[in-house]
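This report refers to the structure that appears directly beneath it.
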Amino acid sequence: MKSKELYQQILGIEYPWEVTGVELSLEDEEVLVKVEYVSNTAKCPECGRECSIYDHRRERRWRHLDTCQLKTFIVCSVPRVKCSKHGVLSIEVPWSESHSRFTILFERLAIDMLLLFKKQKKVGEILRISFDQVHRIMQRAVERGLSRRELSGEISYVGIDEKSYRRGHSYITVLTDIDKKRVLGLIEGRQKSSALSLIRNTLDTKQREGVKAVCMDMWRPYINATRECLKSADIVHDRFHLMKYLNNAVDSVRREEMRAISIKERKILKGSRYIFLKNQEKWTDKQRTRFQQIRDINLKTSQAWLVKENFREYFNSQSINDAKFFFTEWVYNARETGLRPIIEVVNLFIKHTSGIINYVIHKITNSISETMNSIIQEIIFTARCFKRYENLRTAIMFFLGGLSLYP
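For the record, in the sequence shown the residue sitting at position 208 is 207 according to numbering that gives the first Met the number 0, with numbers rising by one throughout.
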């Protein structure tokens, strides 16, 4: 089989396109596959009407999958047609999307590698293309996916969360679909205006009316944006953020106590920070023994820890009445400790009682957002921090948007 016929078959090129030549350059380590359009007419890319060939554009190259170890390019002077309605336009080629310098098969391979390695630089090295070229493939994949995405049907539960992505307090706000575990959209900033813009630009009016609840931290701009934009939705304060406040309070008690207790007691408490922050079900035997020693000397830190652990039981409440009763009792007992950091958290929780009680109704958390945050952090670390927000947005939607990425 001749090389022209071989490439005609393996590229899947059919009439009126034809492989007219194959050139090998060992010096450049390249294979050039020359393709021509051999008909006198072609369809207008806008209306599909059959039109006469007007002229041919200058020769272009599209990177294709390698032939063995050699870079392979399709080379073609693309015809233009003259349509009575749409004027002079370049026709579409079957091996590539418009405005791309890569074939469809090459872009599919690049997308597969990006999803596998999650590192643009590594993919560029393997495919022997530049970082910018890899990023443009990602951008096109995201644009393609967003144009195909239909947020049809009911979106019942969404999460809204912040993520720091650069030094100097640079934040993004991320909107997630809790049920389908995907990022719906993101925006730069964490102000009320940012959250409003994100929600309105991502969800249409009907979808906004269908949202039953929004899971979030107790960040006031997000609360205000939700009340204004998603008026029928309940606000649910995320259990992981609530526990984080209590963990920080326990650690504050521990640090204050370290400065006030005797040297002997300090030796027992020293180095115990992660015992008090860790879920007791995950303690090692050594950590369990260490905690018992601390508890035996009745330190304030163990009292604060007990308040925190008691609050975990709140999330097992089976009804609103049970939840309200438990919360009232817990508030009373927490205040009885007299521990300033604990009381500060209690007062904060009281201000947001409805959002805490709503957990019992909807049983949703931002755990998917927290999982995504760890992936976002990995993306940021891999790229050694994004200098431009748009590049970060592209990467997040590529990996976490649940989009149809392939050409």
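We put the beta carbon where it would ideally sit given N, CA and C, even for glycine. Remember, predicted model here, so these are calculated numbers, not experimental data.
If you measure between the beta carbons of residue i and residue j, is that distance less than 8 angstroms?
i	j	result
P93	I52	no
F72	H63	yes
V213	L229	yes
I355	F326	yes
P44	I103	no
Q206	L150	yes
E35	E17	yes
V235	N357	yes
I110	L404	yes
M137	F380	no
L298	E256	yes
A248	I341	yes
Measuring only the C-alpha atoms, how far is residue i from residue j?
i	j	result
E328	D250	23 angstroms
I186	M217	19 angstroms
H307	N390	Note that residue 307 corresponds to Lys in the displayed sequence, not to His. C-alpha separation (whole angstroms): 40 angstroms.
Y388	R219	24 angstroms
R339	R238	22 angstroms
L5	L108	21 angstroms
I395	V330	40 angstroms
I171	L197	11 angstroms
L10	H134	25 angstroms
S163	I222	19 angstroms
E208	L402	24 angstroms
G152	I375	27 angstroms
D176	T40	48 angstroms
L347	I128	53 angstroms
S301	N309	12 angstroms
R311	M242	8 angstroms
R60	A224	49 angstroms
K33	R48	27 angstroms
S318	L126	57 angstroms
Y244	F130	41 angstroms
T352	E343	14 angstroms
S169	K42	49 angstroms
L25	V37	29 angstroms
V173	N372	9 angstroms
H361	F314	11 angstroms
A303	K120	47 angstroms
I378	R139	18 angstroms
K1	D65	19 angstroms
V87	R100	22 angstroms
V122	L305	50 angstroms
H240	K191	19 angstroms
M215	T370	14 angstroms
V345	R148	43 angstroms
S316	S231	24 angstroms
R166	K386	10 angstroms
T204	C46	33 angstroms
G452	N246	Only positions 0 to 406 of the chain appear in the structure, and residue 452 is not among them; the question remains open.
Q7	S193	52 angstroms
Tell me, to the nearest whole angstrom, how far the beta carbon of residue i is from that of residue j; I am working on the premise that it is less than 8 angstroms.
i	j	result
L31	V80	Not a contact, Cβ separation roughly 26 angstroms.
L399	R181	7 angstroms
A333	V359	Not a contact, Cβ separation roughly 19 angstroms.
G184	T201	4 angstroms
S76	H55	4 angstroms
P406	E106	5 angstroms
R211	D233	The displayed chain sequence assigns Lys, not Arg, to residue 211. The Cβ separation is near 7 angstroms, so the contact holds.
K70	E28	6 angstroms
Examine chain C for any beta-carbon lying closer than 8 angstroms to the beta-carbon of residue i, and answer yes or no.
i	result
M396	Note that chain C does not occur in the displayed structure, where there is just one protein chain.
Runs of beta strand (DSSP E) lying entirely within the stretch 156-197, each at least 3 residues, in chain order:
Complete beta strand (DSSP E) runs here, min 3: 156-165, 169-176 and 181-187.
Which residue spans inside the stretch 308-387 form an unbroken alpha helix (DSSP H) run of at least 4?
319-335, 339-350, 352-361 and 366-381
Does the stretch 134-146 come into contact with the stretch 96-109, if we say contact requires no fewer than three beta-carbon pairs (one atom in each stretch) closer than 8 angstroms?
yes
Segments assigned beta strand (DSSP E), at least 3 residues, entirely inside the stretch 52-105
Taken in chain order, the unbroken stretches of beta strand (DSSP E) that lie wholly in the stretch 52-105 and span 3 residues or more are 59-66, 69-75, 78-82 and 86-89.
Would the stretch 152-165 and the stretch 345-365 be scored as touching if the rule is three or more Cβ pairs under 8 angstroms?
Yes, since at least three Cβ pairs between the stretch 152-165 and the stretch 345-365 fall closer than 8 angstroms, the two stretches touch.
Cβ contact check for the stretch 20-31 and the stretch 108-118: 3 or more pairs under 8 angstroms:
Flag = no, the stretch 20-31 and the stretch 108-118 do not touch.
Going residue by residue through the stretch 209-247, where are the continuous alpha helix (DSSP H) segments of at least 4 residues, counting only ones entirely within it?
219-228
Pick out the complete alpha helix (DSSP H) segments inside the stretch 1-31, 4 residues or longer, and give them in chain order.
2-9
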